[in-house]
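Using the numbering used here, the letters of the sequence shown correspond one by one to residues 446 to 651. Using N, Cα and C, we set each Cβ at its ideal position, and we do this for glycine too. Predicted model only: the values in this text are computed from it and were never measured.
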Amino acid sequence: MQTIFIDNSHQSGIRGILFFSLFAVHNLLFLISCAEISPYKYHNTYALVEPVVHKNGIKQPPNYYREFEDDKILIKFTIKDKKIFFRLKNKTDKELTILWDRLNFVDTKGASHKVVGFDNLFTEKQDKQPLQRINAKREINNLIVPLENIEFIEEWTWYVRPLFNRTDDLALRNRGKTFSISMPIEIDGETINYHYKFRIENIVPL
Numbered sequence: 446m447q448t449i450f451i452d453n454s455h456q457s458g459i460r461g462i463l464f465f466s467l468f469a470v471h472n473l474l475f476l477i478s479c480a481e482i483s484p485y486k487y488h489n490t491y492a493l494v495e496p497v498v499h500k501n502g503i504k505q506p507p508n509y510y511r512e513f514e515d516d517k518i519l520i521k522f523t524i525k526d527k528k529i530f531f532r533l534k535n536k537t538d539k540e541l542t543i544l545w546d547r548l549n550f551v552d553t554k555g556a557s558h559k560v561v562g563f564d565n566l567f568t569e570k571q572d573k574q575p576l577q578r579i580n581a582k583r584e585i586n587n588l589i590v591p592l593e594n595i596e597f598i599e600e601w602t603w604y605v606r607p608l609f610n611r612t613d614d615l616a617l618r619n620r621g622k623t624f625s626i627s628m629p630i631e632i633d634g635e636t637i638n639y640h641y642k643f644r645i646e647n648i649v650p651l
């Protein structure tokens, strides 16, 4: 009796190609739909320009990592569409306190705004920011939102407006403009007012 072998490998290959093609089309449609959903037309890049940093007596260029460090703190900012996130490390052997009631955001027009952090972001106590203590050698993560950018819609529903216009061509006018954050902290009875100044370095189409 003759044994007959049927080779189905070409069929498996065709099925694999069809599956890959359908997968690629699905991903492409998903990316297109996401692009259509996004309300933003431009993307901003930011640099920390103050405090000015000197190393070996040489003034350093703008800091695109948006980090600052001295003998007391290490802080890094991440600027998103509607919020400014930061990670702050207490480098000292003393307790550090962020004086949130005196912290403010100064926009590109020079107007000063009270801010709210994570704890009170979506509560009725937005205008009553608690002090935030950081133990020695520890770090915390928090965020900053200008209080005027938060709008109460209905019960349990708030809307946060973007920090900057990025939806039309007027957004291009923000290139080169600056904004800042004043963040007073207290260490061992001494208050230090850190002033962080940022610049919108570039605006690119999405």
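- The straight-line gap separating the alpha-carbon atoms of residue 575 and residue 627 is approximately 16 Å.
- Here the stretch 629-643 lies against the stretch 535-548, with 3 or more beta-carbon pairs under 8 Å apart.
- Taken through DSSP and simplified to helix, strand or coil, residue 610 comes out as coil.
- Burial is judged here by how many other beta carbons sit within 10 angstroms of a residue's own beta carbon; residue 503 has fewer than 16 and is exposed.
- Rounded to the nearest whole angstrom, the CA to CA distance from residue 610 to residue 623 is 14 Å.
- Exclusion of the five residues before and after residue 644 leaves 492, 494 and 623 as the residues of its chain whose Cβ lies within less than 6 Å of its Cβ.
- Under the three-state reduction of DSSP, residue 593 is assigned to helix.
- According to DSSP, residue 512 shares a beta bridge with 521.
- A distance below 8 Å separates the beta carbons of residue 589 and residue 560.
- In this structure residue 625 touches residue 641 by the C-beta definition: roughly 6 Å separates them, less than 8 Å.
- Nearest neighbour of residue 484 by Cα position, chosen from 511, 526, 594 and 496, turns out to be 526.
- Just so you know, the alpha carbons of residue 557 and residue 582 end up roughly 32 Å apart.
- Counting only runs of 3+ residues, the beta strand (DSSP E) found wholly inside the stretch 608-649 occupies 623-632, in chain order.
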